[in-house]
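K.L.:
If you use the numbering used here, the sequence shown corresponds to residues 2 to 1257, in order. Just so it is clear, CB atoms sit at the ideal spot from N, CA and C, and this is done for glycine as well.
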Amino acid sequence: MIILWQTSRRGLSLLYLFIFLLTLWEGVLAQTVQKTGFERTPNKFFYFKDSQVILWLDSTSHTLYRSENQGKQWNKVNDIAQDEASFLYEHPFDNNRAYVLGKSRRHWKTTDKGKTWQEFSTPVEPAAVSPHLSFHADRPSYILFNGFRCKLGSWTGVDCHEEFDNAPTKEIMCVESPQKTGFTSTLNPDELRLIQTEDFFRTEKVVDFNTGKEIKGVIAVSTINRYIVAVVKPSPDKPDMVFYISLDGENWHEAVFPDGANLHEKSFTIIEGPGPALMVDVLGGGTNQFGSMYKSNSNGTYFVKSLEHTNRNGMGYIDFERIQGVEGILIANVIVNPKDVESQSASKDVRTRMSFDDGASWKELTNVKDMNGNAMRCNERDCSLHLHSVTSNHNYGQVSSAESAIGVMMGVGNYGSSLLEYDECDTFLSTDYGLTWKMIREGAHKYEFGDQGTLLIIVDDEKDTDHIWWSKDRGETWEKLDLGISIRARMLTTDPESSSRNFLLVGSSVRSSSDTKVQAIQLDFASIFSRQCELNTSDESRSDFEKFVARDITDGPDCLMGHEQIFYRRKANSQCYVGREYQDPVVELKDCACTRADYECDYNFLRNPDGSCTRIGPDHIPNHLCKSQDDTYPASSGYRLIPGNTCVLGNNTPLDEPKMRKCSENTADAIRRPVPGDISAKPSSDAIYSNMVVFDEEIEQFIYFRDSEAVLVRLQNGELWRSGNQGTKWESVLKGNRVTNVVLHEFDNNRAYAFLEDGIHLTEDQGTNWHTIKLPIAPSRQSNNVLDFHPQERDWLLFVGQTNDPEPHSEAFISRDHGRSWKSLDMYVEKCIFGRDSKYEIEKETIFCSAHDKKQIGENVRLVRTTDWGNSVETYFDHVVEFFVVEDFMAVATSNRGDLTLFVSINGKTFAEAQFPPDQYINRNTFTVLQSTTHAILLNIFKSTGFGTAYGALYKSNENGTFYHLSLDNTNGDGTGFVDFEKFQSVDGIILANQVWNADELVGSGTSKKVRTMISWDDGGSWQALSPPNEFDCASKECSLNLHSRTDIHGPGAIFSSSGAPGLAMGVGNVGASLNAYTESDTFLTRDGGHTWTMIQQGEHLYEFGDQGSILVLVSDETPTNELLYSWDQGETWHYYQFHEQKVRVTTLTTDPKSSTLKFIIIGHTRGLERSQVIITVDFSGTQQRKCVIDKNNIEKSDFERWIAKDDDGDDACLLGKKTAHWRRKKDRACVVGAQFQEPEVVTENCECRDIDFEC
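#1: Nearest-angstrom Cα distance between G414 and E422?
#2: Find the nearest neighbour of Q1 within the set R107, E701 and D462, judged by alpha-carbon distance.
#3: So what's Y100 in DSSP terms, helix, strand or just coil?
#4: Taking all protein chains shown into account, do 16 or more other C-beta atoms lie within 10 angstroms of the C-beta of F635, making it buried, or fewer, making it exposed?
#5: When the distance is taken between beta carbons, is L1159 closer than 7 angstroms to G1107?
#6: Could you tell me the distance, in whole angstroms, from the CA atom of L940 to the CA atom of L279?
#7: Within the same chain, show all residues whose beta-carbon is closer than 8 angstroms to that of T963, passing over the 5 residues directly before and after it, in chain order.
#8: When burial is assigned at 16 or more other CB atoms within 10 Å of the CB, is S629 buried or exposed?
#9: Select from P1063, Q576 and S613 the residue whose C-alpha is nearest the C-alpha of E535.
#10: Would you check if the distance between the CB atom of A994 and the CB atom of F982 is smaller than 7 angstroms?
#11: Is V743 helix, strand or coil when you go by DSSP?
#12: Taking only the alpha-carbon atoms, compute the straight-line gap between F1 and H133 and give it to the nearest angstrom.
#13: Any idea what DSSP makes of T1080, helix, strand or coil?
#14: Using a Cβ-Cβ cutoff of less than 6 angstroms, which residues in the same chain neighbour C648 once the five nearest sequence positions on both sides are dropped?
#15: K660 and S691 - do their beta-carbons sit closer together than 7 angstroms?
#16: If I follow the unbroken beta strand (DSSP E) through K957, where does it start and stop?
#17: Secondary structure at E1105, three-state DSSP: helix, strand or coil?
#18: Buried or exposed, going by whether 16 or more other CB atoms sit within 10 Å of the CB of N574?
#19: By the 10 Å Cβ neighbour count, where 16 or more other Cβ atoms means buried, how is E85 classified, buried or exposed?
#20: Can you give the Cα-Cα distance for M242 and Q1237, rounded to whole angstroms?
#21: Go through its chain and collect everything with a Cβ distance to I532's Cβ below 6 angstroms, but skip five positions before and after it.
#22: In the region 966-1017, which residue ranges form an unbroken beta strand (DSSP E) of at least 3 residues, counting only runs that do not cross its ends?
#23: Under 6 angstroms Cβ to Cβ from I330, same chain only, skipping five residues before and after it: list those, please.
#24: Take C1248 and list the residues in its own chain whose beta-carbon comes closer than 6 angstroms to its own, dropping the five residues that flank it on each side.
#25: Q453 and V579 - do their beta-carbons sit closer together than 7 angstroms?
#26: Could you compute how far the alpha carbon of V694 sits from the alpha carbon of G1100?
#27: Once you ignore the five residues that flank Q1139 on each side, which residues in its own chain have a CB closer than 6 angstroms to its CB?
#28: In the DSSP assignment, what are the bridge partners of E875?
#29: Just list the beta strand (DSSP E) runs in the region 309-348, keeping only unbroken ones of 3 residues or longer that don't cross its boundaries, in chain order.
#30: Helix, strand or coil for D452? Go by DSSP, reduced to three states.
#31: Of all the options L1103, H762 and Y318, which has the alpha carbon lying nearest to the alpha carbon of L1086?
#32: Considering only their Cβ atoms, is the gap separating W471 from E480 smaller than 7 angstroms?
#33: Answer with buried or exposed for D1208, where buried requires no fewer than 16 other C-beta atoms within 10 angstroms of its C-beta.
#34: With DSSP as the reference, label N252 as helix, strand or coil.
#35: When the Cα of A779 is compared with those of E794, L798 and F756, which residue comes out closest?
#36: Can you find the residues in the same chain that come closer than 6 angstroms, C-beta to C-beta, to S709, ignoring five residues on each side of it along the sequence?
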């Protein structure tokens, strides 16, 4: 043992250096393990590029350490004053320079890789926010220093040493305030501007970005690869941001993003990297958890969307990485349930995608083998490999790849439907840049590459370990190396190019008896081979190297970015070392002939499955062109060469050559919308009352009692609040209890049940008073149906509780006196329900349960039935997945080796298997039972449940629910089972559903879904597209009205319609060939059951009906707002009302379930310094509208009309032999109905029998 004495700021301390040598006899096969003790892990650590020198900064003790031999020995740097070193910077453009900043104005620099250090000073101290230093790419002595004065504000100065004054022109750009003080800049960021100086601020010029006017609100300026990017906030009142891009600092262009890319402050991240295009990730929705990746053309001006729903974290880091050493290969993680994440109803489902054409298309990782070389399998749908990335990086430096590790990628992840937690994952390897993968070790490991990818090292990253695993043949075989000490690995690294055969493992000592709590272990594999590899380009059989082509995944030549990248890499089984330390791999570039794959679609064009590009919007035409509609202009062909692509044109015409186009064609190409002035709103003159309440915690439940103004709100901290007047006044109830859930009695409007961890509280007067129900055991946490209710016997309760005696399981109990006494059904269950329902009239004592054998909990689940409170039990099915009563049917789903079978019963005793048309393939993995009110089951069977590709088919049953026919093919759904389907409330037979009309193009092509909205007026018998509003001119296009539905808009209740407003419906969508993104939508209304529609407001809005449809209310769903819009004449005229001084990001607009009152509740968050949950009640009942009068004998005088739904031919609709008429308020009568909690009056007449009234 060698003991070295070192000096620290606390005096003398021991630095232990242990040498542990292992020799494995196989020729000259030896590895050396050498350990050095430190007090703590480094705050900053880096290798000087192309050298063996490492710097290690411990900013806690303000000590800098240096190693000259890749961590074999360490020495403290003594040239730096004691107790000063606070920040360490490497020079990005000079491999010999580094800088240490002190706590005050004293600092140090080195020009010889840290061997010697020279002191320098700055006028002020380092700023509180890094980075403190900026570097010049060509002149390494030129440095900008960012500091602050203790007087108000910040200061930016220049380190003017040596020949610094000889800087070339246009050298420095700074963002500053016209007042020249940091204090003003802090308080007035909207005044900030970009200045440019040629002589170190003796004179300066304000940059106008070639606009000819002063540009204020410059938030930041930065260099990204070869681009200079300036970010500007043009208006202090709006959050929108503008990018200006330059390649030379002189000529600037405003970046153009597609519609829907909401560039707001703190909403975007510019991706740094060597790629040939700018990549910008923009936040999506109302959360910072995901975004969309946009990619520029070659000059950074025009952007197109490359990837949706990219995974982000709160710090702005994105799971996105360019694979090092090869062109055009990217890896990223995406969120597949963005709506759930945005609404905070579920955690993120993360999946991994790779691109082999620089982001033009993305693929899943499906070619994956296990440790035995067999194809991996999983029990879930749509399985692929998912890997942890930047947001959960557990090591130092790049995540997946290294510059010189040719073809090699590694990652921690899992094979399944989505990414698991890090410590639930395994370690995977690819040797062909991600085309194929193999699991190399169970569990999560840190990993590193060496000797240009021929040496691989992994170390356990889940627990303490005393060994590593290493491979000398690119992962084909692995050997174990003991460390001689147990550590918890914190970092595994090597030189930045991964060309060395030495590695450094940093870990915390598990059982260290000394003060050295951290071990830096050098792993030396330099002697495992006795000879250096030889490259023989004329005879590959004699060469130690092989040619490796970075191939993409298309047929034909292995071209990538217009050329083949041919690397020479060591053969996996060659017994030699590469030894090209700090050198790049040998690579040949061979240009390929240009094909369509070398082009991407230009701005406002969309790629088709065959690779062609179709125009989806008008060209962006400069102002000096198209002075007349008869003029022509050079239009985009729809294609642009992928930036950085080097393909050879040959004799072919380039696909991106502009085409002359008439200006009139460009105008007609965009569907013309009404001008905004057509539907402008006037200020309110009504006596409207509003009241806002701020809650300390997030709202998790908001519940109306039926036919009442009483509301319950449950907060995230378990508090329960009640309002008896729709949110005007609130009181806390059940104080001191943490409520976990609230359930309303299904058949008694006065009763509700508040669940605690170990009990239930009951109210019988809509929440005014509460008392405790004594339970036999605690409520179950596994069952979603803890309480069930009886339609006739209101005091009967069916309860599922949880106990650990004798082992964890759930049991069922029955009470027939509203919880005063309980009887056990003596069954271990998952779920129990009363068989009797409001329309399912079977023996009222019937109870159905899914039950386990008490000796085999968790095994086979059986459906059992009892009619005598569990004294006798009858078994119906094994392997039950789910069961339920829907309308007048009972349905049971069973599983047979993963295939689902549906059984249906109309009496609860005899069941028949559901039968489907014999000529149609039925995927029995996933189905969704949809709302039904017409004595038939509507069933959606999924054909695909993949991310972005989920769709299915809608089937409708006969009257007894056993035989099914296809109603609508290719229905739109999502991976969680939601389906875009909804029936009009209170009007039988009208259904809205969304259909995927390019379903055949989705499989394996990377094509996005094209969705359109369909409507049926005969309960699914026939369908047609929604007619566009008359004010839209789209006669020359295949266009219809398309509305967002259940896959985009989650939450309870109907989306489009209300039972209290017959025939009326509102929706958010667009007119066109297919459905656009929600953020690119407008708001529409129908008042005739979906036959005709009108656009009532531009932009997406939340909407609600009140007073049986006599008032419509809208709130913007685009940005924070403090105004709502309302209309008394069903959208003809609008008024706006300011409901609060402070703007709110509204998430919910609601009213009573029957839309019968004049009170509306807004739920959202304030946008001030503190984000607060608020509820705002807006009350229109004080307005001076008269009471409506109904006169059935004089329709002219009556304020009501008799409305009957029409069928697709425009005739009065008959459904199930009946014609239904609704009395509703006329559109032009400004009066209030005032029928609180009542449904509109309905008149039913019989129709003559027709052939459609009969079934086979």
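P.N.:
Looking at the atomic coordinates:
#1: Taking the straight line from one Cα to the other gives about 8 angstroms.
#2: The chain is shown from 2 up to 1257; residue 1 falls before or after that span and cannot be answered.
#3: Three-state result, Y100: strand.
#4: First, the amino acid is wrong: residue 635 is Pro here, not Phe. Classification of P635: exposed, given that the 10 Å Cβ count is below 16.
#5: Contact annotation: G1107 and L1159 have beta-carbon atoms nearer than 7 angstroms.
#6: One C-alpha to the other measures close to 46 angstroms.
#7: Closer than 8 angstroms at the Cβ level, and outside the excluded window around T963, lie V905, A913, E914, A915 and Q916.
#8: Burial call: exposed.
#9: Looking from the CA of E535, the closest CA among P1063, Q576 and S613 belongs to Q576.
#10: Contact flag set, yes.
#11: If DSSP states are grouped into helix, strand and coil, V743 belongs with the strands.
#12: Given that the chain is displayed from residue 2 to residue 1257, the structure contains no residue 1 and the question cannot be resolved.
#13: Correct three-state label for T1080: helix.
#14: Excluding sequence neighbours, C648 sits near G563, C593, C595 and D599.
#15: Between S691 and K660, the CB-CB gap reaches or exceeds 7 angstroms.
#16: Note, K957: beta strand (DSSP E), Y952 to S958.
#17: Three-state DSSP puts E1105 in a strand.
#18: Note on N574: under 16 other CB atoms within 10 angstroms of its CB, so exposed under the neighbour-count rule.
#19: With a threshold of 16 other beta carbon atoms within 10 Å, E85 meets it and is buried.
#20: Distance between the alpha carbons of M242 and Q1237: 46 angstroms.
#21: Note that residue 532 is Arg in the sequence shown here, rather than Ile. Cβ within range, chain order: C577.
#22: Fully enclosed beta strand (DSSP E) runs of 3 or longer: 982-984, 992-997 and 1012-1017.
#23: Excluding positions up to five away in sequence, the list reads I324, F357 and Y434.
#24: Around C1248: C1215, G1218 and K1220.
#25: Yes; because the gap between Cβ atoms is below 7 angstroms, this pair is in contact.
#26: Taking the straight line from one Cα to the other gives about 28 angstroms.
#27: So the list reads N1123 and E1124, once near-sequence residues are dropped.
#28: The bridge partners DSSP lists for E875 are R866.
#29: Counting only runs of at least 3 residues, the region 309-348 fully encloses the following beta strand (DSSP E) elements, listed from N- to C-terminal order: 321-323 and 331-336.
#30: Correct three-state label for D452: helix.
#31: Among L1103, H762 and Y318, the Cα nearest to that of L1086 belongs to L1103.
#32: Contact check for E480 against W471 passes: the beta carbons are separated by less than 7 angstroms.
#33: Buried is the call here.
#34: It is coil, neither helix nor strand.
#35: Considering only E794, L798 and F756, the residue with the shortest C-alpha distance to A779 is F756.
#36: Result list for S709: Q767, in chain order.
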